[in-house]
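Enquirer:
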Amino acid sequence: MVVSVTIQHLFKYPLEFVANTHFQKYPSKGEKFVVRVDTVEHRRDVVHGINYWRRIAVCANVIPGILRTINVLNEQNFLLEEEAWLDFRKPEFRLQSCNITWSKYAHIWEESTFKPSQDNPKWTVLEQHGVVEVKAFGPFGRVLEMFAQRFLQSGVKRGLRIMEELLQERASKAYITQDNPSVS
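Residue 96 in numbering that gives the first Met the number 0 sits at position 97 of the sequence shown, and the numbers go up by one each step.
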């Protein structure tokens, strides 16, 4: 079985400001499960107006102890890979992430697209879709999927809260308001 989570959210800040803030989101006090994020590749394509990043997030293993009796799940940390494209011509900021750890046993995938709002181009709309599919572990696989779905849902809420707080903090330091988002 496959479980999924889909959300839409409006940030009252410009796209580039939201994209730049995303790269400062983790690690943070509000998200105790992300230990660190390492940028392993960054390219700028000036001709096509696209910036590209590939990052690896080191995350604390959140699987409950009872399920860690399955030896392969008893890891201290797990790795997620994130790819990001900031396209200045469209304009659009796109993220794709997937699990590296346990990829033989489960597929955890998330895609996010940030675009200027049609109602106000100085605001940014986020559309995010995440999927978890456990390919092993028999009946425990379904238990893992249900746990992962609840964790994803709470993680999305934490991520949005962290992002809103960080945007507000950065905006106040740069004297940007939600009604007058002049970003350089």
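Think of the CB as a built atom: it goes at the ideal place given N, C-alpha and C, for glycine as much as any other residue.
#1: Relative to the C-alpha of residue 3, which candidate in 73, 149, 81 and 168 has its C-alpha closest?
#2: So, are the CB atoms of residue 107 and residue 147 less than 9 Å apart?
#3: Does residue 47 come out as helix, strand or coil in the three-state DSSP assignment?
#4: Shortest alpha-carbon distance to residue 43 belongs to which of 85, 12 and 37?
#5: Among the residues of its own chain, which have a CB less than 8 Å from the CB of residue 157, if the five just before and after it don't count?
#6: Less than 6 Å between C-beta atoms, sequence neighbours within five positions excluded: which residues of the same chain meet that for residue 126?
#7: Please identify the residue among 171, 129 and 48 whose C-alpha is closest to the C-alpha of residue 96.
#8: On the criterion of 16 or more Cβ atoms from any shown chain inside 10 Å, does residue 137 qualify as buried, or is it exposed?
#9: Could you compute how far the alpha carbon of residue 124 sits from the alpha carbon of residue 12?
#10: Can you check whether the CB of residue 110 is closer than 9 Å to the CB of residue 88?
#11: Taking DSSP as the reference, what is the three-state secondary structure of residue 70?
#12: Among residues of its own chain, excluding the 5 on either side of residue 9, which ones have a beta-carbon nearer than 8 Å to its beta-carbon?
#13: Can you tell which of 82, 169, 135 and 165 has the C-alpha that lies nearest to the C-alpha of residue 1?
#14: Kindly give me the distance between the Cβ atoms of residue 72 and residue 62, rounded to whole angstroms, as I take these residues to be in contact under 8 Å.
Expert: With the structure as the only source:
#1: The sequence position of residue 3 within the sequence shown is 4, counting from 1. When only C-alpha atoms are compared, the closest one is 149.
#2: In the sequence shown, residue 107 corresponds to position 108, counting from 1. In the sequence shown, residue 147 corresponds to position 148, counting from 1. When the beta-carbon positions are compared, residue 107 and residue 147 come within less than 9 Å of each other.
#3: Counting from 1 along the sequence shown, the entry for residue 47 is found at position 48. Three-state DSSP puts residue 47 in coil, outside helix and strand.
#4: Here the question's residue 43 lines up with position 44 in the sequence shown. Selection 85, 12 and 37 evaluated against residue 43 yields 85 as nearest (Cα-Cα).
#5: On the sequence shown, position 158 is the one that residue 157 refers to. Hits under 8 Å: 29 and 30.
#6: Position 127 of the sequence shown, counted from the first residue, corresponds to residue 126. Within the same chain, residue 126 has close Cβ partners 7 and 112.
#7: Counting from 1 along the sequence shown, the entry for residue 96 is found at position 97. Sorting 171, 129 and 48 by C-alpha distance to the C-alpha of residue 96 places 129 at the top.
#8: Position 138 of the sequence shown, counted from the start, is the residue given in the question as residue 137. Residue 137 should be labelled exposed.
#9: If you number the sequence shown from 1, residue 124 lands on position 125. If you number the sequence shown from 1, residue 12 lands on position 13. Spanning the alpha carbons of residue 124 and residue 12 requires a straight line of approximately 9 Å.
#10: Counted from its first residue, the sequence shown places residue 88 at position 89. Counted from its first residue, the sequence shown places residue 110 at position 111. Cβ atoms of residue 88 and residue 110: not closer than 9 Å.
#11: On the sequence shown, residue 70 is found 71 positions in, with the first residue counted as 1. In the structure shown, residue 70 sits in a helix (DSSP, three-state: H, G or I).
#12: Here the question's residue 9 lines up with position 10 in the sequence shown. When the five nearest sequence neighbours on each side are left out, the beta carbons in the same chain lying within less than 8 Å of the beta carbon of residue 9 are those of 116, 122, 123, 124 and 125, in order along the chain.
#13: Translated into positions along the sequence shown, residue 1 becomes position 2. When C-alpha distances from residue 1 are compared across 82, 169, 135 and 165, the shortest belongs to 135.
#14: Working through the sequence shown from its first residue, we reach residue 72 at position 73. Working through the sequence shown from its first residue, we reach residue 62 at position 63. The pair is a contact, with the Cβ atoms about 5 Å apart (cut-off 8 Å).
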